[in-house]
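Novice: The structure that follows is given in the form of structure tokens.
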Amino acid sequence: MKVKDCMCHEVAYLTPDSTVQDCAKLMCNKHIGCIPICDTNQKIVGLVTDRDVLLRSIACEKDAKTTLVSDIMTCKVCCCSPEEEIKKAEETMSNEQIRRLPVVDENNKIVGIITLGDLCNSKNVNTVDVCETLENICGCQDKNAE
Numbered sequence: 025m026k027v028k029d030c031m032c033h034e035v036a037y038l039t040p041d042s043t044v045q046d047c048a049k050l051m052c053n054k055h056i057g058c059i060p061i062c063d064t065n066q067k068i069v070g071l072v073t074d075r076d077v078l079l080r081s082i083a084c085e086k087d088a089k090t091t092l093v094s095d096i097m098t099c100k101v102c103c104c105s106p107e108e109e110i111k112k113a114e115e116t117m118s119n120e121q122i123r124r125l126p127v128v129d130e131n132n133k134i135v136g137i138i139t140l141g142d143l144c145n146s147k148n149v150n151t152v153d154v155c156e157t158l159e160n161i162c163g164c165q166d167k168n169a170e
């Protein structure tokens, strides 16, 4: 199964000059916990999670109305291709300990996003693989059990 068969095709994104408040409002309105940050050509340049808003903005007492998402975003963003096999995307999520993986085309343009929730909701994804991915993301596997 390919990523394109499981990913969300409608992706809300912001530009680097958007404020943290804009980001938080978009997350609230769309009921999502992650916003890709894209340039004017829809090429991904960063990623902001709800955790970033909390830890890199609120906890640091930054003004959400004036602080730009470019000041709190993660710049090194792991991505995948829509043609990539789901298993490879799960491996990336496991290795990088991330729950959301932007999907980009050959020009690095955002075309979707695949989340741990998407994997859980897909009838064609192996449940055991998803559980292993979650264990790896959370770091909750028992390292002493052997």
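In case it helps, my numbering puts the sequence shown at residues 25 to 170. All C-beta atoms in this analysis are idealised placements derived from N, C-alpha and C, irrespective of residue type, glycine included. Every value quoted in this text rests on a predicted model; they were computed, and no experiment measured them.
(1) Leaving out the 5 sequence neighbours to the left and right, which residues in its chain are closer than 8 Å to Ile61 when beta-carbon positions are compared?
(2) My understanding is that Arg124 touches Cys52, with C-beta atoms under 8 Å, so please give their C-beta distance in whole angstroms.
(3) Taking a contact to mean a Cβ-Cβ separation below 8 Å, would you say His33 touches Gly141 in this structure?
(4) In the DSSP assignment, the beta strand (DSSP E) including Cys58 goes from what residue to what residue?
(5) Which one or two residues does DSSP pair with Pro126 in a beta bridge?
(6) The beta strand (DSSP E) spanning Val27 covers which residue range?
(7) Taking the alpha carbon of Glu130 as the point to measure from, which residue in Ser105, Ala113, Ile138, Met117 has its own alpha carbon closest?
(8) Is Leu143 buried or exposed, if buried means 16 or more other CB atoms sit within 10 Å of its CB?
(9) Only counting the same chain, and skipping five residues up and downstream in sequence, which positions put a Cβ closer than 8 Å to that of Cys47?
(10) Could you name the residues of the same chain whose beta carbon sits closer than 7 Å to that of Asp74, not counting the 5 residues immediately before and after it, in chain order?
Specialist: Reading it off the structure:
(1) Translated into the one-based positions of the sequence shown, residue 61 becomes position 37. Closer than 8 Å at the Cβ level, and outside the excluded window around Ile61, lie Tyr37, Leu38, Thr39, Pro40, Ser42, Ile68, Val69, Gly70, Leu71, Val72, Val93, Ser94, Met97.
(2) To locate residue 124, count along the sequence shown from 1; it is residue 100. To locate residue 52, count along the sequence shown from 1; it is residue 28. Not confirmed; about 17 Å, so no contact.
(3) Looking up residue 33 in the sequence shown gives position 9. Looking up residue 141 in the sequence shown gives position 117. The beta carbons of His33 and Gly141 sit no closer together than 8 Å.
(4) Along the sequence shown, read from residue 1 onward, the residue named residue 58 stands at position 34. Counting along the chain, the beta strand (DSSP E) containing Cys58 begins and ends at 58–62.
(5) Here residue 126 refers to the residue found at position 102 of the sequence shown. Answer is Ile137.
(6) By 1-based counting over the sequence shown, the position of residue 27 is 3. It is not in any beta strand (DSSP E) - Val27 carries neither H nor E in the DSSP assignment.
(7) To locate residue 130, count along the sequence shown from 1; it is residue 106. Closest by alpha carbon: Ser105.
(8) For this step, residue 143 is matched to residue 119 along the sequence shown. Taking all protein chains shown into account, Leu143 has 16 or more neighbouring C-beta atoms within 10 Å of its C-beta and is therefore buried.
(9) Along the sequence shown, one-based indexing puts residue 47 at 23. Once the five neighbours on either side are set aside, the close Cβ partners of Cys47 are Leu38, Ile59, Val72, Val77, Val93.
(10) In the sequence shown, the residue the question calls residue 74 occupies position 50. Correct list, in chain order: Met51, Gly57.
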